[in-house]
Structure formats: structure tokens, C-alpha cells
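**Student:**
Protein chains: 2
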Amino acid sequence: MALTIRDVAREAGVSTATVSNVLNRTGKVGRRTQRLVVSAVRKLGYVPDVHARHLASHDRRTLGIIVSDIENPFFPEVIKSFEVRAQQLGYDAILSDTNYDPRRTRRAAERMMEHKVRGVAVMTSEISVRLIHELARRKIAVTFLDLAPVREYMSNLRINYASGVDQIVKHLYELGHRRIAFVAGRDGLKSNAVRLEAYEQRMKMYGLEPGPVLPGDLRFEGGMSAGLEIAKMSPRPTAVVAINDLTAVGVMKGLMQTGCRVPQDVSVTGFDKTRLAEYSNPSITTVDIHRETLGKIAADALHELSDSANPTGKEYEIEAELVLGESSGPAPLT
Amino acid sequence: MALTIRDVAREAGVSTATVSNVLNRTGKVGRRTQRLVVSAVRKLGYVPDVHARHLASHDRRTLGIIVSDIENPFFPEVIKSFEVRAQQLGYDAILSDTNYDPRRTRRAAERMMEHKVRGVAVMTSEISVRLIHELARRKIAVTFLDLAPVREYMSNLRINYASGVDQIVKHLYELGHRRIAFVAGRDGLKSNAVRLEAYEQRMKMYGLEPGPVLPGDLRFEGGMSAGLEIAKMSPRPTAVVAINDLTAVGVMKGLMQTGCRVPQDVSVTGFDKTRLAEYSNPSITTVDIHRETLGKIAADALHELSDSANPTGKEYEIEAELVLGESSGPAPLT
DNA sequence: AGAAATTGTTAAACCGTTTAATCTCACTGA
DNA sequence: TCAGTGAGATTAAACGGTTTAACAATTTCT
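If you're matching them up, the sequences are chains Y and D in order.
Taking the numbering used here, I'd label the letters of the first sequence as residues 4 to 337.
Taking the numbering used here, I'd label the letters of the second sequence as residues 4 to 337.
(1) Ends of the alpha helix (DSSP H) at residue 21(D)?
(2) Might you give, ordered along the chain, the residues of its own chain that have their beta carbon closer than 7 Å to the beta carbon of residue 309(Y), omitting 5 neighbours on each side?
(3) Just to check, is the beta-carbon of residue 71(Y) closer than 6 Å to a non-hydrogen atom of the ligand PLP?
(4) Quickly, what does DSSP pair residue 327(D) with across the bridge? List them, please.
(5) DSSP three-state call for residue 69(D): helix, strand or coil?
(6) So, residue 303(Y) versus residue 324(Y), is the Cβ gap smaller than 7 Å?
(7) Among 297(D), 69(D) and 43(D), whose alpha-carbon lies nearest the alpha-carbon of residue 11(D)?
(8) Between 103(D), 119(D) and 159(D), which has its C-alpha nearest residue 127(D)'s C-alpha?
(9) For the structure I just gave you, are there three or more beta carbon pairs, one from the segment 50-69 of chain D and one from the segment 52-66 of chain Y, closer than 8 Å?
(10) Between the segment 169-180 of chain D and the segment 139-157 of chain D, do at least 3 Cβ pairs fall closer than 8 Å?
(11) Just to confirm, are residue 338(D) and residue 213(D) a CB contact at a threshold of 7 Å?
(12) Pull up the distance between the alpha-carbon of residue 197(D) and that of residue 204(D), whole angstroms please.
(13) From the DSSP output, read off the bridge partner residues of residue 159(D).
(14) Starting from residue 221(Y), follow the beta strand (DSSP E) in both directions and report where the run begins and ends.
(15) Out of 278(D), 296(D), 274(D) and 283(D), which has the shortest C-alpha to C-alpha gap to residue 289(D)?
(16) Answer yes or no: do residue 318(Y) and residue 159(Y) have a C-beta to C-beta separation smaller than 7 Å?
(17) So for residue 310(D), helix, strand or coil by DSSP?
(18) Determine, using beta carbons only, whether residue 85(Y) and residue 73(Y) come nearer to each other than 7 Å.
(19) Just checking my contact of residue 230(Y) with residue 256(Y) at CB under 8 Å: how many whole Å lie between their CB atoms?
(20) Please report the distance separating the alpha-carbon of residue 254(Y) from that of residue 286(D).
(21) Spell out whether any CB of chain D is found under 7 Å from the CB atom of residue 157(Y).
(22) So for residue 35(Y), helix, strand or coil by DSSP?
(23) As a quick exercise: from 98(D), 330(D), 61(D) and 59(D), pick the residue whose alpha carbon is nearest that of residue 78(D).
(24) Between which two residues does the beta strand (DSSP E) holding residue 185(Y) run?
(25) Out of 87(D), 8(D), 156(D) and 65(D), which one is the CA nearest neighbour of residue 50(D)?
(26) Using 7 Å as the limit for Cβ to Cβ distance, is residue 74(Y) near chain D?
(27) Shorter than 7 Å from the beta carbon of residue 256(Y) to some beta carbon of chain D?
(28) Residue 182(D): which of 37(D), 202(D), 83(D) and 277(D) sits nearest, CA to CA?
(29) Report yes if the C-beta distance between residue 112(Y) and residue 66(Y) is below 7 Å; otherwise report no.
(30) Measuring only the C-alpha atoms, how far is residue 88(D) from residue 117(Y)?
(31) Just checking my contact of residue 105(Y) with residue 137(Y) at CB under 8 Å: how many whole Å lie between their CB atoms?
(32) When we look at the beta-carbon of residue 27(D) and count the other beta-carbons within 10 Å, is it buried (16 or more) or exposed?
(33) Which word fits residue 234(Y), buried or exposed, when buried means at least 16 other C-beta atoms lie within 10 angstroms of its C-beta?
(34) With distances taken from CA atoms, which of 250(D), 261(D), 222(D) and 249(D) is nearest residue 236(D)?
(35) Looking at the strands, I want to know which residues DSSP matches up with residue 242(Y).
(36) Using a Cβ-Cβ cut-off of 7 Å (strictly less than) and excluding sequence neighbours within five positions of residue 320(Y), which residues of its own chain qualify?
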């Protein structure tokens with residue numbers, strides 16, 4: 004039905020093998036013949052079929068990336084740099100979105116198997132460790148974010164959340180803040196627990212009493228109600244460490260609604276360095292987790308894992324970096 | 004090497020055809036045999052190879068979507084609803100990001116051809132009409148945003164920008180504003196030109212002099228410098244219509260930096276209803292372009308185009324809707 | 001009971017490409 | 001002159017599924 008390699012071969016007056024060799028630049032074809040084939044391809048507008056190609060050449064050149072929510076501003080940048088890097092390494096990249104739903108996570112993993120990818124970057128925590136092991140058992144390389152120990156075909160990307168929190172608390176301490184509240188995120192998430200823990204630890208290191216710790220939901224609303232609550236506390240904290248930027252924006256809104264000024268009365272910090280941090284008013288002091296590095300390293304890790312003879316997993320570390328904004332300032336004189 | 008349908012057939016003691024029939028629910032298999040096959044599949048953990056499947060069954064069940072920039076907050080929602088709808092219709096969806104680069108746009112289109120997709124939703128304007136025609140000529144259904152007239156295998160999704168602008172101007176007029184400025188976007192973009200034109204037309208309809216029209220860049224920075232400029236105009240406009248939300252945020256920042264209050268002194272409106280509009284402070288009066296509808300309709304349009312016997316293109320219209328925020332209010336008494 | 005209709009299963013061809021094995025033939029060197 | 005060489009091209013067998021014509025078994029009908 005559609006144009007095949009046979010049509011090209013006929014047009015150029017050669018065999019299909021020759022066409023294939025020209026297309027794949029194996030260098031086995033004479034210059035004259037090469038020209039013939041190329042012009043036949045041009046003339047006919049032939050485009051090879053990726054499915055037939057994958058099937059015939061046992062060499063699978065696809066990488067997958069699974070994210071929990073493409074609408075979460077954290078992911079697009081990661082996806083993009085993953086895809087760019089994958090392409091540089093000669094892979095096709097496919098994306099699946101799980102929407103935080105375990106069923107769809109299963110489907111996503113199955114899709115990766117169906118597509119016979121060489122590796123998958125798992126950027127969500129709704130996935131079960133069993134599923135990861137299943138992928139690895141099928142010799143599909145996997146990278147994930149601190150979900151399991153490293154093993155065969157499994158590498159780990161550790162984001163240094165603790166260091167980010169450390170830098171925030173240090174920053175606030177040096178500005179003179181002593182009562183520093185924390186607005187948490189969702190309970191189940193390991194990445195959230197790590198940050199809370201780091202906060203508590205660092206506070207103690209400075210000889211400060213941790214807390215109060217307010218509940219949040221990783222969303223604007225949770226931040227806002229926390230902000231309202233904090234505004235009427237007595238003694239009122241002079242600084243708030245929020246679990247992410249969106250929460251920080253909510254906190255600021257809550258504070259401002261009750262007349263608290265940011266940062267004159269209360270300093271607020273976020274996490275993740277989303278665009279929101281930059282564009283909110285005041286802009287937010289936050290932590291940059293180098294998302295483009297994350298995506299790139301994920302692709303590199305998969306490449307290395309699936310390419311080498313010994314697919315032993317490795318640990319990678321992604322650094323976090325404090326970025327100053329207008330939302331943090333000197334503690335008010337009591 | 005990996006598990007094939009033959010392994011399953013052997014395990015179940017049937018032929019490969021039978022396994023295939025069970026997997027594809029053709030209903031030609033007896034209950035007993037069905038059970039045998041299913042349990043063999045389970046036991047072995049067999050997952051079919053998508054490439055072999057596509058190759059053998061000539062029925063291509065993939066749709067593609069090409070966007071200019073996945074990091075642009077406009078797209079993720081569109082992509083998601085496109086993928087969800089595609090899946091409901093039984094398609095696999097693949098995504099390409101062009102990064103506003105014509106070369107990458109070409110690559111994206113080629114990728115779609117290589118994958119032998121049934122249809123492509125083109126959500127970028129960097130694509131040449133030639134390329135769209137080339138896709139259509141290969142009987143790949145295409146939908147786009149007002150890039151070309153409808154033809155065979157080509158449907159058009161028209162976003163009603165004009166109506167959105169109309170609603171904004173009407174809203175401001177009714178609040179008593181008479182001097183309404185406009186902050187433009189990028190010059191080449193048709194979608195931007197349409198909005199500017201609609202603004203001018205509507206202003207005249209109300210017997211108002213359009214302008215001033217300030218340049219922008221669809222980014223925060225352009226908005227901010229426009230905001231600074233507007234602040235020192237005399238007589239100062241009492242309202243500003245910005246080309247998009249990000250620009251509006253910039254405008255507000257610029258205004259506020261010079262002591263103008265929003266909306267007490269100057270009202271500001273955005274466009275697109277990104278998260279930014281909701282979370283900025285004050286939140287922005289903006290226009291919602293129903294992105295999830297856009298994605299869904301794109302998938303539906305492709306399905307219809309590629310499914311029916313006569314692939315005649317159609318026109319679809321996406322409505323725009325005013326959403327009130329805190330950034331617009333009554334015109335100040337002069 | 002035997003023919004006809006229905007249902008279930010299989011063997012073999014095919015999808016569009018790659019690739020190992022094989023063939024051709026002009027050229028080299030002894 | 002002729003075996004040996006090697007570059008360039010071809011042939012044919014995969015790859016992992018689906019599809020279809022043909023056959024076998026069972027049920028239905030007369």
C-alpha cells in the first residue's frame with residue numbers, strides 16, 4: 004500500500020539490501036549506486052517504517068520516560084532535556100503520564116514493554132518496586148528517584164533535597180530568623196518526608212526549636228490556609244519554609260490577606276524554582292534542582308546501563324542550589 | 004531472545020493464530036482454549052511487541068501531536084487531554100517538541116511519517132504549509148490552528164481569539180474604562196495579530212480611540228518594561244489589555260514598581276488562563292481558551308478524518324471565555 | 001443416520017526492513 | 001596466464017506478530 008523499500012529498489016534498479024545499506028550508511032555501497040539510490044528516495048519521497056526497522060534490526064533504539072503529571076511545572080523541563088539528550092545518543096523517546104494513578108502507572112510500564120524500549124526513566128513515586136523489578140528482569144534499564152536500592156539494570160538518581168533545605172535554613176538563620184515554621188506537603192511522598200526531616204535536623208543544629216509544622220497539600224489552597232493560620236499565631240514565626248513554590252505562593256497570599264507584609268513582617272521560601280517563583284510578586288527565594296541536569300543524566304544513565312556489558316546500577320546525585328528572591332529578608336526587630 | 008507469541012502458543016499447546024485471536028478478542032476462540040491461552044500469557048508474563056503488531060496488521064493505531072514548546076504552560080494541558088482522548092479511541096499517542104525551530108519541526112513531521120501515524124495534531128505555527136500538505140498527501144490526517152484552508156485530510160481548529168478580546172474590552176468598558184492600552188506579543192504570530200485587530204475593532208465599536216499599543220515579547224520582561232512605560236504616561240491609561248498572562252504579570256510588576264496599584268489605579272487583563280493568572284497576586288482577569296477541549300477535539304477530528312471513507316476536512320471552533328480575577332476593577336475617578 | 005451448518009483450530013503467507021551468506025567481476029601480483 | 005583478492009551487489013532468511021483459506025470437530029436439521 005504505502006511506499007516501501009522495494010519501490011525504491013525498483014526505481015533505482017538495485018536490490019533492497021543495497022537501499023538499506025545506503026540508508027544506514029554502512030559504507031558498503033559504491034558512490035555511483037549510492038547516488039542512484041539517494042535520488043530515487045528523493046524522487047519518491049520515501050520514509051522508512053520505524054516498526055519494520057525495529058523488528059528487523061534487533062537493536063532497539065528507544066528510551067521511555069514516565070512522569071506523574073505533565074501539568075506539574077516540574078516535569079516539562081525534565082522531559083525536554085531527557086528527549087534532547089536521548090536524541091543526541093541516537094534514541095527515539097516516548098513519554099507516558101500516569102496522572103498519579105497506579106493503574107495508569109501499570110499501563111505506562113506495559114507500554115514501555117510493548118515498545119521494547121531499552122530503558123525507562125521513572126520520574127514518579129506512585130510506581131511499585133515490584134513493577135520496577137519486573138522491568139529490570141526483562142533487561143529494560145530503569146532509573147528512578149530514590150525508590151529502591153541500586154541493582155542490575157537499575158540506577159538511582161538522588162536529588163539532594165536535604166542540602167537544599169540546609170541552605171534555606173542557613174540563609175534564614177543568617178538573616179536573623181529564629182522562629183521558622185514549616186508547611187509540609189503530602190504525607191506519603193518520600194521526597195517530602197526527607198525535606199521535613201532535613202528541616203528539623205538543621206534547626207536543631209542551630210539550637211532552634213523546630214516547628215510549628217503545618218499541613219499542606221502541595222497546592223495553592225493548602226499554602227493559603229497555612230498562611231492564614233500562621234498570620235494569627237502568637238508569637239508569630241518570622242519565616243516560613245514551604246515545601247514547594249506553589250505552597251509558598253499560597254502562604255504569601257494567606258499572609259498578605261491578613262495584612263502581613265512579605266518579607267518585611269514574614270519571610271517565605273519555596274522549593275523547586277518553578278516559573279512561579281520568578282514571576283510571583285514578590286518573587287520567591289527558592290531552591291533550584293537543576294531539572295535539565297536531571298533529565299540529561301537520566302538519559303545518560305539509561306544509555307550506560309543498557310549499553311555496557313555489565314549492567315550494574317549506579318548512584319547519581321543531582322545537586323540543589325539556593326536561589327535568592329524578594330520573599331526573604333532580615334527578621335523584623337521584635 | 005525475548006518472549007514471543009510462539010512461546011505462548013507452545014506453553015498453551017495451541018497455534019500462534021489462536022493466541023493472536025485471544026489477544027485481540029476476535030471472539031473466534033472457545034472458552035476452554037481461551038482460558039488456556041490467558042493463563043499461559045500470565046505465567047510467562049508475555050507482552051506483545053508493538054512493532055511486530057503494527058507491521059503485521061496494516062491498521063495503524065497511532066496519533067501524533069506536535070507542539071512548539073512543552074515548557075510553555077499552554078501546552079501540557081492540551082497534550083494531556085489529547086493523549087487521554089486518543090487512548091479512549093484506541094490509539095497510542097506520540098509527542099514531538101519543536102522548540103520553535105523549523106529544522107526540528109521538519110524532524111518532528113518526519114518522525115510522524117516514520118511511525119506511520121494515522122494523524123497529527125499540529126499545535127505550532129513554525130510549520131510550513133508545504134509540510135502540512137506533504138503529510139496530507141501521504142493520507143496522514145492533520146489538524147492545525149488556522150494555518151491553512153481546510154482540504155482533504157486537513158481539518159482546522161479555530162480558536163475564537165476575537166471573541167475573547169471582545170469580552171475583555173466589553174468588561175473593561177462596563178467598568179468605566181475609556182483609555183485602554185494594549186501590550187502586544189510577537190510580530191510574526193497570526194494568533195497575536197488577530198487579538199490586536201479585535202482589540203482595535205472593539206474599541207472603535209465603543210467609540211473609543213484605540214491605543215496606545217506597546218510592544219511586548221510574550222515574556223515577563225516585555226510586559227514589565229511596558230508596565231514601566233505605561234506608569235509614566237500622561238494621561239495614563241486606566242486599563243491595560245496584555246497579550247497573555249505572563250505579559251500581564253510583567254505589566255503589573257512594572258506598574259507596581261512605580262507605585263501604581265492594581266486594580267485601584269490601573270486594571271490589567273491577561274490571556275490564556277494559565278496557572279499564573281490564578282496564583283499571581285492579585286490574580287488576573289483573563290480569558291480561558293478551554294485547552295482540554297482543544298486537545299480532545301484535536302483527537303476527535305483526527306479520528307473522524309482518518310476513519311471515514313471520505314476524508315474531507317472540517318472546521319472546528321474552540322470558544323474563549325472571560326474569567327474574572329482581582330486585577331480588574333472600576334476605573335478610577337479622574 | 002447422514003448431510004449441512006456452525007464453531008474452533010491450524011498452517012502458511014505476509015507485513016517492511018536488516019543482515020549474514022553468497023555471488024560477480026574487475027584487478028593484482030607472481 | 002591464472003589463482004587470489006576484495007569491493008560491490010544480491011539473495012534469502014530472519015524479526016514477531018496478523019490474517020486467511022482450509023480443515024477438523026461438533027452441533028443442528030431433516
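Here a beta-carbon is modelled for each residue, glycine too, at the ideal position from N, C-alpha and C.
**Tutor:** If we stick to the structure as given:
(1) To locate residue 21(D), count along the second sequence from 1; it is residue 18. If you look at residue 21(D), you'll find it in the alpha helix (DSSP H) that goes 19-26.
(2) Counting from 1 along the first sequence, the entry for residue 309(Y) is found at position 306. Excluding sequence neighbours, residue 309(Y) sits near 121, 122 and 144.
(3) For the ligand PLP, the structure offers nothing, since it holds no ligand at all.
(4) As a first step, residue 327(D) is located in the second sequence; it is residue number 324 there, counting from the start. Beta-bridge pairing links residue 327(D) to no other residue.
(5) Here residue 69(D) is taken as the residue at index 66 of the second sequence, counted from 1. Three-state result, residue 69(D): strand.
(6) Reading the first sequence from its first residue, position 300 is the one you call residue 303(Y). Reading the first sequence from its first residue, position 321 is the one you call residue 324(Y). No, these two residues do not count as a Cβ contact at 7 Å.
(7) Here residue 11(D) corresponds to residue number 8 of the second sequence, with the count starting at 1. Out of 297(D), 69(D) and 43(D), the CA that lies nearest to the CA of residue 11(D) is found in 43(D).
(8) Taking the first residue of the second sequence as position 1, residue 127(D) is located at position 124. The residue with the shortest Cα to Cα distance from residue 127(D) is 103(D).
(9) Here the segment 50-69 of chain D lies against the segment 52-66 of chain Y, with 3 or more beta-carbon pairs under 8 Å apart.
(10) No: the two stretches stay apart, fewer than three of their Cβ pairs being nearer than 8 Å.
(11) A question about residue 338(D) goes unanswered here, because the residues of chain D that appear run from 4 up to 337.
(12) Counted from its first residue, the second sequence places residue 197(D) at position 194. Counted from its first residue, the second sequence places residue 204(D) at position 201. Taking the straight line joining both Cα atoms gives about 11 Å.
(13) Your numbering for residue 159(D) matches position 156 in the second sequence. DSSP output for residue 159(D) lists 147(D) and 318(D) as bridge partner(s).
(14) As a working note, residue 221(Y) is residue 218 in the first sequence. Neither: residue 221(Y) is in no beta strand (DSSP E) and is coded neither H nor E.
(15) One-based indexing of the second sequence puts residue 289(D) at position 286. Ranked by Cα distance from residue 289(D), the first of 278(D), 296(D), 274(D) and 283(D) is 274(D).
(16) Here residue 318(Y) corresponds to residue number 315 of the first sequence, with the count starting at 1. Here residue 159(Y) corresponds to residue number 156 of the first sequence, with the count starting at 1. Yes. Within cutoff.
(17) Numbered from 1 along the second sequence, position 307 holds the residue referred to as residue 310(D). For residue 310(D), the secondary structure class from DSSP, reduced to helix, strand or coil, is helix.
(18) By one-based count along the first sequence, residue 85(Y) stands at place 82. By one-based count along the first sequence, residue 73(Y) stands at place 70. No, Cβ-Cβ distance for residue 85(Y) and residue 73(Y) is not below 7 Å.
(19) On the first sequence, position 227 is the one that residue 230(Y) refers to. On the first sequence, position 253 is the one that residue 256(Y) refers to. The beta-carbon separation of residue 230(Y) and residue 256(Y), rounded to 6 Å, stays under the 8 Å limit for a contact.
(20) Looking up residue 254(Y) in the first sequence gives position 251. Looking up residue 286(D) in the second sequence gives position 283. Between residue 254(Y) and residue 286(D), the C-alpha separation is close to 15 Å.
(21) Position 154 of the first sequence holds residue 157(Y). Answer no: the Cβ-Cβ gap between residue 157(Y) and chain D never drops below 7 Å.
(22) The residue labelled residue 35(Y) in the question sits at position 32 within the first sequence. Three-state DSSP puts residue 35(Y) in a helix.
(23) Here residue 78(D) refers to the residue found at position 75 of the second sequence. Of 98(D), 330(D), 61(D) and 59(D), the residue nearest in Cα terms is 98(D).
(24) Within the first sequence, residue 185(Y) is the residue found at index 182, counting from 1. Segment 183-186, the beta strand (DSSP E) holding residue 185(Y).
(25) What you label residue 50(D) is simply residue 47 of the second sequence in a count that begins at 1. When each option's Cα is compared against that of residue 50(D), the closest is 8(D).
(26) Taking the first sequence and counting its residues from 1, one reaches residue 74(Y) at position 71. Yes, because at least one Cβ of chain D sits closer than 7 Å to the Cβ of residue 74(Y).
(27) Here residue 256(Y) is taken as the residue at index 253 of the first sequence, counted from 1. Residue 256(Y) counts as touching chain D.
(28) On the second sequence, position 179 is the one that residue 182(D) refers to. Comparing Cα positions, the closest option is 202(D).
(29) Mapped onto the first sequence, residue 112(Y) falls at position 109. Mapped onto the first sequence, residue 66(Y) falls at position 63. Judged by their CB atoms, residue 112(Y) and residue 66(Y) are not nearer to each other than the 7 Å cut-off.
(30) Looking up residue 88(D) in the second sequence gives position 85. Looking up residue 117(Y) in the first sequence gives position 114. Straight-line Cα distance between these residues: approximately 20 Å.
(31) Start at 1 with the first residue of the first sequence, and residue 105(Y) comes out as number 102. Start at 1 with the first residue of the first sequence, and residue 137(Y) comes out as number 134. Going by Cβ atoms, the distance from residue 105(Y) to residue 137(Y) rounds to 14 Å, so no, they are not a contact pair.
(32) Along the second sequence, read from residue 1 onward, the residue named residue 27(D) stands at position 24. Of the residues assessed, residue 27(D) falls on the exposed side of the cut-off, its CB having fewer than 16 other CB atoms within 10 angstroms.
(33) If you number the first sequence from 1, residue 234(Y) lands on position 231. Around the Cβ of residue 234(Y), a 10 Å sphere holds 16 or more other Cβ atoms; the residue is buried.
(34) Within the second sequence, numbered from 1, the residue matching residue 236(D) stands at position 233. When each option's Cα is compared against that of residue 236(D), the closest is 261(D).
(35) What you label residue 242(Y) is simply residue 239 of the first sequence in a count that begins at 1. Its beta-bridge partners are 183(Y) and 270(Y).
(36) Here residue 320(Y) refers to the residue found at position 317 when the first sequence is read from its first residue. The beta carbon of residue 320(Y) sits closer than 7 Å to those of 161 and 163, all from its chain and outside the five residues before and after it, given in chain order.
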